[in-house]
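Quick notes on the structure that follows.
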Amino acid sequence: MTTRRGLARPDDIYQALMAAQSGLSPEDAERFRARLILILADRLGDDAAVAEAIAAARQDLRRATGA
Amino acid sequence: MTEGFHYRTYAYARSADQDRARPAHHPVVVAGGGLVGLTMAVDLVQRGVKVVVLDDGDQVSVGSRSICVAQRTLEIFNRLGVGARCRAKGVTWNTGKVFRGDRLLYAFDLQPEGGQRNPAFVNLQQYYVEIYLIERLAELDPAALRWRNRVEGVIAREDHVEIGIVTPEGGYRVTCDWLIAADGVRSTVRGALGLPFPGEAFDDRFLITDIVMKSAFPPERWFWFDPPFHAGRSALLHKQPDDVWRIDLQLGPEARREEELREDRIVARLRAMLGPEVAFSIAWSSLYTFQCRRLKHFRHGRVIFVGDAAHTVSPFGARGGNGGVQDADNLGWKLAAVLAGEAPEALLGSYDIERGQAADENILNSKRATDFIAPKMPAMALFREAVLDLATEHAFARAFVNSGRLSVAAAYTDSPLSTADTEPWNAGPAPGAPAPDSPVTIDGRQGWLHDLMHDGTTILCGSRAQSCDGHLSVRVVREGDDVEDATGLVARRYGLDSTVAYLVRPDGHVAARFRDPTHGAVTAALARLHGRAAA
Ligand SMILES: Cc1cc2nc3c(=O)[nH]c(=O)nc-3n(C[C@H](O)[C@H](O)[C@H](O)COP(=O)(O)OP(=O)(O)OC[C@H]3O[C@@H](n4cnc5c(N)ncnc54)[C@H](O)[C@@H]3O)c2cc1C
């Protein structure tokens with residue numbers, strides 16, 4: 006998958022992602038991530054790009070764990 | 028359980044076929060006189076085809092079952108002479124509301140545009156629709172329908188079909204050129220041909236109840252996720268004529284039939300929903316699990332499957348009955364043309380392709396809705412909760428909320444009968460899509476465009492479009508001559524200007540469209556429409 010736009014401050018974004026989940030129970034962390042995925046999909050606003058992202062994530066998991 | 032509708036039984040009558048030494052032969056036999064078989068029969072008889080309908084029962088649908096009659100079905104029923112009755116008796120609705128807990132998540136309007144003869148839906152009990160079709164059929168051919176005639180055996184031959192029938196007075200046999208299997212989800216004909224019915228069954232059970240209740244609830248579709256009166260599950264409330272209300276309650280996979288159908292149990296559930304004061308009585312209730320299945324092919328030689336016998340869906344989206352009625356609409360003109368020798372048998376192959384595509388779409392939509400309503404795995408439940416939570420504050424998430432995507436007319440995008448556009452169009456129905464109805468002026472009077480398209484193939488064209496006249500058995504509807512587009516809606520809905528022409532099939536779907544058509548182009552499109560495409 007090709008990166009669309011590089012993020013200006015990847016470290017900040019990564020940190021914000023972690024911060025948002027810190028202190029959450031595993032269940033709440035899952036809930037958080039589900040919401041985030043939906044919001045991000047909407048912000049992308051491009052069905053093909055979202056489908057591509059889903060496929061890329063799934064493929065990477067398969068490569069990493071065989072799942 | 029006797030409130031509301033009073034069933035009558037239709038009398039069995041001995042037919043002359045039963046006294047013959049050799050089996051009588053009929054051009055078309057329809058197995059099953061339910062919603063779809065009756066629609067099929069009226070369509071064929073109106074097209075001049077002689078039909079025998081065999082039904083194993085002696086009454087109309089027990090319980091309301093299908094209640095949501097879609098706009099496309101109403102259009103087809105208009106053509107079949109029962110549309111006005113359905114509209115007059117049915118409860119009109121265009122609005123749906125979706126609740127989460129006790130909060131309104133959002134409302135949707137299924138018909139934002141005016142200038143329509145038919146609403147997005149009327150709600151009308153299946154037994155009324157069947158009665159109207161039975162009466163219409165009796166008007167056209169009083170002997171067509173044979174009650175308590177059960178199809179038991181079917182032998183499909185190369186050029187005909189043999190049918191074994193059982194009646195209260197014993198068995199008899201007939202043969203036919205074409206057998207239409209409209210015998211419902213447990214189709215005997217499907218079984219007799221040994222055809223598998225692959226698909227998927229859903230675990231959750233649903234209590235479906237019709238109650239009689241005087242209430243000021245509006246005529247809207249109300250759907251709840253996790254309502255306060257039925258925690259953790261879904262519920263649906265929908266108005267029907269005669270003060271009958273449909274209530275669906277999701278019960279989960281563990282629900283036990285014997286327990287859940289006990290009257291006191293049902294009453295307690297309804298009391299929780301409707302409050303302690305409201306007076307109601309139960310007219311019908313049933314416990315359902317849902318399935319989505321289809322035959323791989325709907326045509327098997329001279330046996331053709333329609334309705335639930337061919338495909339079945341869960342009811343979210345009202346796609347079962349409405350889909351079946353479109354099957355009949357699609358098959359009727361083709362079979363009539365083949366029987367009249369006007370088209371080759373190959374035309375029937377397009378029924379399988381077109382309605383197969385529609386069935387896939389209906390199954391996909393109803394499966395998705397069922398999965399959303401009754402999540403099958405933890406990830407589904409997780410995302411559903413996220414969607415429902417987000418939807419209160421974030422408008423975008425409402426688009427993911429799926430309480431059923433309601434039936435609309437199928438567009439036959441892969442049809443072999445369509446002639447592809449040769450230039451870009453930015454308005455109007457593409458080949459395969461249904462040609463929209465529109466208010467028009469006919470001889471100075473207000474009328475509807477569809478009424479001019481009912482009899483067969485039509486060319487709808489602008490005032491200066493060429494090469495439209497003089498084609499055999501084609502009716503020309505020319506703007507300016509035959510109709511006036513006083514409201515401008517025809518121009519808008521079709522992108523119709525003075526040189527445009529639409530070739531419209533007998534079932535009201537577009538076969539081709541042209542700007543400045545040539546005679547050759549129209550002739551080729553007509554040949555393709557009748558299954559005689561140059562390869
Ligand atoms: C709870 C519920 C709600 C629904 N809501 C909707 C809705 O809102 N909108 C919608 O469009 N659809 C809805 N449906 C689906 C709809 O009811 C069916 O899709 C529709 O009835 C299919 O019509 P049919 O004629 O193919 O089959 P059926 O209506 O089942 O008719 C089959 C007929 O064949 C007869 N028969 C069976 N075997 C034989 C035999 N061997 N010989 C002779 N006759 C035979 C039967 O007696 C019956 O009359 C709903 C269904 C259910 C259960």
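Protein chains in written order, with the numbering used here: chain A, 6 to 72; chain B, 28 to 562. All C-beta atoms, glycine included, are put in the ideal place defined by N, C-alpha and C.
Beta-carbon spacing of residue i, residue j below 9 Å
i: A386/B; j: G350/B; result: yes
i: N150/B; j: K323/B; result: no
i: P255/B; j: G128/B; result: yes
i: V63/B; j: L81/B; result: no
i: D168/B; j: V72/B; result: yes
i: T194/B; j: Y37/B; result: no
i: C95/B; j: A345/B; result: yes
i: R321/B; j: Y378/B; result: no
i: I486/B; j: A528/B; result: yes
i: S341/B; j: T397/B; result: yes
i: T119/B; j: P139/B; result: no
i: L234/B; j: L314/B; result: yes
i: L43/A; j: A424/B; result: yes
i: F250/B; j: A258/B; result: no
i: L556/B; j: T446/B; result: yes
i: K403/B; j: D253/B; result: no
i: L530/B; j: R540/B; result: yes
i: Y133/B; j: V89/B; result: no
i: Q473/B; j: P544/B; result: no
i: G60/B; j: W205/B; result: no
One or two residues paired with residue i in a DSSP bridge
i: H187/B; result: DSSP output for H187/B lists no bridge partner at all.
i: K77/B; result: For K77/B, which the question treats as bridged, DSSP gives no partner whatsoever.
i: I207/B; result: V57/B and I331/B
i: V467/B; result: G474/B
i: M240/B; result: F307/B
i: L172/B; result: V80/B
i: R232/B; result: G279/B and T316/B
Ligand 1 heavy atom lying under 8 Å from the CB of residue i
i: P342/B; result: yes
i: N17/B; result: In the structure as shown, chain B begins at 28 and stops at 562. Residue 17/B is therefore absent and cannot be evaluated.
i: T100/B; result: yes
i: R177/B; result: yes
i: L81/B; result: yes
i: I331/B; result: no
i: D231/B; result: no
i: C113/B; result: no
i: A209/B; result: yes
i: D291/B; result: no
i: D335/B; result: yes
i: L610/B; result: Any answer about residue 610/B is impossible in this case: the structure gives chain B only from 28 up to 562.
i: Q153/B; result: yes
i: G197/B; result: no
i: T215/B; result: yes
i: Y315/B; result: yes
i: G59/B; result: yes
i: S261/B; result: no
i: V96/B; result: yes
i: G191/B; result: no
i: V212/B; result: yes
i: S393/B; result: no
i: I390/B; result: no
Own chain partners of residue i with C-beta closer than 7 Å, once the 5 adjacent residues on each side are dropped
i: A562/B; result: Confidence is the limiting factor: at A562/B the pLDDT is only 48, short of 50, which leaves the residue's position unreliable, though a coordinate-based value still follows. Excluding residues within five positions, none has a Cβ falling inside 7 Å.
Proximal residues of chain C, C-beta to C-beta of residue i below 9 Å
i: R36/A; result: The chain inventory of the structure shown lacks chain C, comprising the protein chains A and B.
Close Cβ partners of residue i (< 8 Å) along its chain, the five nearest in sequence each way excluded
i: K241/B; result: D270 and A306
i: D496/B; result: V503
i: Q353/B; result: R99, T100, I103, R382, A385, A436 and A437
i: D508/B; result: S490
Close beta carbons around residue i, own chain, < 6 Å, minus the five adjacent residues each side
i: L41/A; result: none
i: P463/B; result: R520
i: G558/B; result: A370, P371, A373 and L374
i: T29/B; result: Interpretation of T29/B is limited by its pLDDT of 43, a score under 50 that renders its predicted location unreliable; the figure taken from the coordinates is listed afterwards. Closer than 6 Å at Cβ, skipping near neighbours: no residue.
i: A560/B; result: none
i: E179/B; result: G191 and V193
i: F427/B; result: V414
i: A454/B; result: G522
i: L12/A; result: I18
i: G123/B; result: F135 and R248
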